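Right, one structure below, let's go through it.
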Amino acid sequence: EADAAIKDARRALKEGNYVRALEHVDRAHGAFVRRRNAREALAKSLAETQRRVELLNNADFPMLPDVQEVLGRAEREFRQGNYSGSSEDLQIATVLLSQGSRPAAPRP
5 EADAAIKDAR RALKEGNYVR ALEHVDRAHG AFVRRRNARE ALAKSLAETQ RRVELLNNAD
65 FPMLPDVQEV LGRAEREFRQ GNYSGSSEDL QIATVLLSQG SRPAAPRP
């Protein structure tokens with residue numbers, strides 16, 4: 005969205021429509037702020053999940069290697085700027101963590 009807003013602002017400047025250009029710049033700024041906020045929230049969630057995993061290091065948690073693998077991939081994707089991929093992998097790691105922490109259902 006930010007790229008489109010910047011292009012629109014440039015077009016408005018060329019046309020001499022400065023009010024419209026400013027509106028597009030404001031729209032681009034909003035998109036950058038939203039992306040930064042999402043990135044910060046994702047970083048916080050990654051750190052919190054990493055802390056949960058560290059607490060399980062010495063526990064009998066059979067899913068731990070899978071969680072560590074998926075969480076590691078989420079962290080790499082985050083560092084590479086692939087925030088949507090990182091978020092998806094973080095969700096998978098969170099589901100794996102919750103699956104492993106539930107007691108097994110009794111078998112009939």
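Residue numbering for the sequence shown is 5 to 112, as defined by our numbering.
The beta carbon of each residue, even a glycine, is placed where N, CA and C say it ideally should be.
Since the structure is predicted, the reported quantities are computational estimates derived from the model, not experimental observations.
Continuous alpha helix (DSSP H) stretch holding residue 85: start and end: For the purposes of this step, residue 85 is identified with residue 81 of the sequence shown, where counting begins at 1. First-last for residue 85: undefined, no H or E at that position.
Would you be able to state if there are at least three C-beta pairs under 8 Å between the region 73-80 and the region 45-56? yes
Determine the contact status of residue 16 and residue 31, defining contact as a CB-CB distance below 7 Å. Stepping through the sequence shown from its first residue, residue 16 is reached at position 12. Stepping through the sequence shown from its first residue, residue 31 is reached at position 27. No.
When the Cα atoms are used, what is the spatial distance from residue 62 to residue 25? Taking the first residue of the sequence shown as 1, we reach residue 62 at position 58. Taking the first residue of the sequence shown as 1, we reach residue 25 at position 21. So the alpha carbons of these two residues sit roughly 58 Å apart.
Where the alpha helix (DSSP H) containing residue 34 begins and where it ends: The residue given as residue 34 occupies position 30 in the sequence shown. Its alpha helix (DSSP H) spans residues 22-59.
Cβ neighbours of residue 29 in the same chain (closer than 6 Å, five flanking residues each side left out): Looking up residue 29 in the sequence shown gives position 25. The beta carbon of residue 29 is closer than 6 Å to those of 13 in its chain, skipping five residues each way along the sequence.
Are the region 33-47 and the region 56-72 touching by the rule of at least three beta carbon pairs closer than 8 Å? With the cut-off at 8 Å, the region 33-47 and the region 56-72 do not touch.
Check for me: the alpha helix (DSSP H) holding residue 7 runs from which residue to which? Locating residue 7 in the sequence shown gives position 3, counting from the first residue. Where residue 7 is concerned, the enclosing alpha helix (DSSP H) stretches over 6-18.
Whole-angstrom C-beta distance between residue 71 and residue 35, which should lie under 8 Å: Counting from 1 along the sequence shown, the entry for residue 35 is found at position 31. Counting from 1 along the sequence shown, the entry for residue 71 is found at position 67. Contact flag wrong, Cβ pair sits at about 33 Å.
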